[in-house]
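Note that my numbering has the sequence shown beginning at 26, numbered continuously upward.
Right, one structure below, let's go through it.
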Amino acid sequence: MQTTINPHKIALSYEVERMLHANIDRFGLDQIEVKLNTVDEPKLLQRPDIDICVNRKAIEHNGNTIQRQIDFRNKAIGTIAVSRLPERQKHNTSIDSLLSELLNHILHLVERFHFHQSVFNNSPQSLGWVGFSQALRKVESQVRKFAAIDLPVLIEAERGTGKVSAAFAIHNLSPRKDNPFIECCCLKLSQDNAYETLKALYEKAKYGTLFIRNINELDENTLSRIRYFWEDNALGSHLSVRIIASIDKRHNSSNITHTNAPWLTLFLPTLRERKQDIAALIAIYLQKYAVERAIQLDEDCIKLLEQHSWTDNARGLEKAVAILSAMAEEPLVTKSSLLTTLPQLKQNDTESPSHSFDITKDKATLFTDNEKKPIPAPLAHLILKEDFEQLPSCHAAITKSLTFIAKSYHQKITLDESAKRAFVSAPHLSYLYRKHLGTSFKQLVLDVRIEKAKQLLSEKLSLQVTQIAHDVGFHDLSHFEKTFRRLVGIAPLKFRHHSFH
């Protein structure tokens with residue numbers, strides 16, 4: 026059972042508590058208590074909905090205690106009280122100064138909380154886009170600027186980074202906010218009637234915003250037919266609709282933005298760039314997926330989740346917490362029980378490879394657990410060069426099959442298809458691979474893809490890993506990274522770093 030929650034209030038509460046813990050020792054304090062009310066009511070001081078008390082230890086505080094009212098936009102929204110025992114009175118900073126600094130921190134957090142509330146109004150679209158990290162603050166600043174400039178926007182980001190949230194925020198902060206916000210996912214469109222569907226949605230979004238998700242999935246014909254959506258906008262069409270589109274970072278945007286219309290481009294941060302927000306997101310998801318009561322994670326669990334490379338970003342984290350909430354047997358989850366439930370967390374980018382890596386040596390002794398023979402190091406390289414004279418076997422069927430792999434490795438290819446090109450049966454071609462090359466067709470295709478990825482990582486430093494993965498035939502970034510680490514020994518970015526240096 027999912028519960029109704031206010032994710033932004035949870036994030037605010039978590040961030041205030043984190044800030045107090047960070048400052049209690051720094052300021053030589055013994056206790057800090059903050060009471061806030063996030064609801065705009067006259068009697069808010071009597072009924073705070075955020076009450077946080079941080080202290081060194083559970084004792085009576087008979088020392089110097091000062092309380093101050095917290096005012097925001099000319100209204101009292103709560104109180105802050107700090108205590109310091111007499112023996113700590115010699116601390117260099119006065120309590121008044123400490124209070125002023127803490128108040129400034131709190132008011133900054135409250136300001137951002139109200140920004141989130143005003144933009145999203147507890148919409149489920151914002152669930153993954155909450156927090157107080159520097160990366161999120163930066164993108165929020167860009168969103169405010171883009172909202173004020175009535176031009177088409179292209180959002181480039183990984184999966185699960187909150188593209189819908191960003192588009193909705195741009196719309197809701199713009200003068201169009203009282204008009205329709207229409208969303209369309211191109212992955213769900215039939216190519217036969219994609220244009221007609223988009224045209225109808227465009228007309229429905231009159232004076233508002235049309236958000237076209239995964240616009241890169243449209244074929245060239247449909248894309249050219251809807252180009253007037255944003256080109257007419259730029260020229261001041263009578264049917265004024267603002268276009269916001271999104272693509273995955275793996276795809277090239279030039280065929281979309283290379284038009285008469287000036288496009289604004291918004292890049293969203295990954296969860297790897299927002300590690301500060303992960304603990305708050307975990308707290309939100311734990312409440313959202315609480316069955317009978319919300320489970321709790323110990324400190325080691327939080328650290329492990331913060332270190333994990335979330336290729337699906339907030340979406341991946343939410344899935345993990347949802348599974349954990351359903352499977353947890355105890356109210357307090359430890360690291361061992363977490364790894365039992367989610368074994369995929371054992372492999373983090375921060376872990377060392379199982380064997381050493383030396384960029385100065387050829388590392389391509391590539392083989393799976395099910396294969397007894399390692400693949401010769403230069404084999405994948407020779408296939409990419411189509412230099413078959415140096416191969417262990419010159420069997421005609423193998424040569425034809427490898428030529429097919431060299432030209433089609435980046436596409437979805439099968440043993441049956443390769444066997445047809447080699448004019449032999451699939452079982453016989455598989456036998457030839459094992460006998461003469463010491464590997465399987467499937468494994469060799471992976472080897473060639475990874476070898477090409479290594480070349481691109483070393484030679485094309487401007488290409489992102491997501492783009493490289495797509496170019497060599499991996500349409501799942503997570504699968505590419507796992508395969509690369511298994512075959513090469515380190516993560517793609519570390520390989521690039523070693524190559525560059």
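By construction, the Cβ of each residue, glycine as well, lies at the ideal position given by its N, Cα and C atoms.
Problem - Cα-Cα separation between threonine 234 and asparagine 197, rounded to whole angstroms - result: So the alpha carbons of these two residues sit roughly 10 angstroms apart.
Practice task
Measure the Cβ-Cβ separation of tryptophan 154 and serine 190 and say whether it is below 8 angstroms.
Solution key: Going by C-beta atoms, tryptophan 154 is nearer than 8 angstroms to serine 190.
Exercise for the section: Just the C-alpha distance for threonine 90 and leucine 134, rounded to the nearest angstrom, thanks. Expected result: Straight through space, the alpha carbons of leucine 134 and threonine 90 are spaced by roughly 24 angstroms.
Problem - For aspartate 302, the nearest candidate out of Lys328, Gln216 and Lys313 (CA to CA) - result: Looking only at Lys328, Gln216 and Lys313, the smallest Cα-Cα distance to aspartate 302 is reached by Lys328.
Handout entry: Cβ pair count under 8 angstroms reaching 3, the region 215-228 against the region 365-372
Key = Segments in contact, no.
Problem - C-beta atoms of valine 473 and isoleucine 423 nearer than 8 angstroms - result: The Cβ-Cβ distance between valine 473 and isoleucine 423 does not fall below 8 angstroms.
Handout entry: Close-in-space but distant-in-sequence residues of the same chain around serine 38 (CB under 6 angstroms, 5 per side omitted)
Key = So the list reads Ile75, once near-sequence residues are dropped.
Problem - Spatial distance of histidine 141 from histidine 33 (CA atoms) - result: Each residue's alpha carbon lies about 7 angstroms from the other.
Practice task
Mind checking which residues open and close the alpha helix (DSSP H) that includes serine 271?
Solution key: That residue, serine 271, is in no alpha helix (DSSP H); its beta strand (DSSP E) goes 267-273.
Practice task
Over the uninterrupted beta strand (DSSP E) stretch that includes serine 108, give me the two end residues.
Solution key: Looking at the DSSP string, the run of the beta strand (DSSP E) that includes serine 108 is 100-109.
Handout entry: Buried versus exposed, by CB contacts within 10 Å (16 or more), lysine 477
Key = So lysine 477 ends up on the buried side.
Practice task
Report the three-state DSSP secondary structure of isoleucine 174 (helix, strand or coil).
Solution key: Isoleucine 174: coil per DSSP, three-state reduction.
Practice task
Name the one or two DSSP bridge partners that cysteine 209 has.
Solution key: According to DSSP, cysteine 209 bridges with Ile237.
Exercise for the section: Keeping to the same chain, check which residues put their C-beta closer than 8 angstroms to that of valine 449; ignore five residues upstream and five downstream. Expected result: Shown here for valine 449: same chain residues with a beta carbon closer than 8 angstroms to its own, the five before and five after excluded, namely Ala422 and Leu457 in chain order.
Handout entry: aspartate 203 (DSSP reduced to helix, strand or coil)
Key = For aspartate 203, the secondary structure class from DSSP, reduced to helix, strand or coil, is coil.
Practice task
Would you be able to state if there are at least three C-beta pairs under 8 angstroms between the region 284-295 and the region 166-184?
Solution key: Between the region 166-184 and the region 284-295, the count of Cβ pairs shorter than 8 angstroms is three or higher; the stretches touch.
Handout entry: Three-state class that DSSP yields for aspartate 472 in the structure shown
Key = If DSSP states are grouped into helix, strand and coil, aspartate 472 belongs with the helices.
Problem - Inter-stretch contact (C-beta, 8 angstroms, three-pair minimum) for the region 52-66 and the region 94-107 - result: With a cut-off of 8 angstroms, the region 94-107 and the region 52-66 count as touching, because enough Cβ pairs lie within range.
Problem - Secondary structure of alanine 182, DSSP reduced to three states - result: Secondary structure at alanine 182: strand, using DSSP grouped into helix, strand and coil.
Handout entry: Extent of the continuous alpha helix (DSSP H) run through asparagine 246
Key = Residues 245-250.
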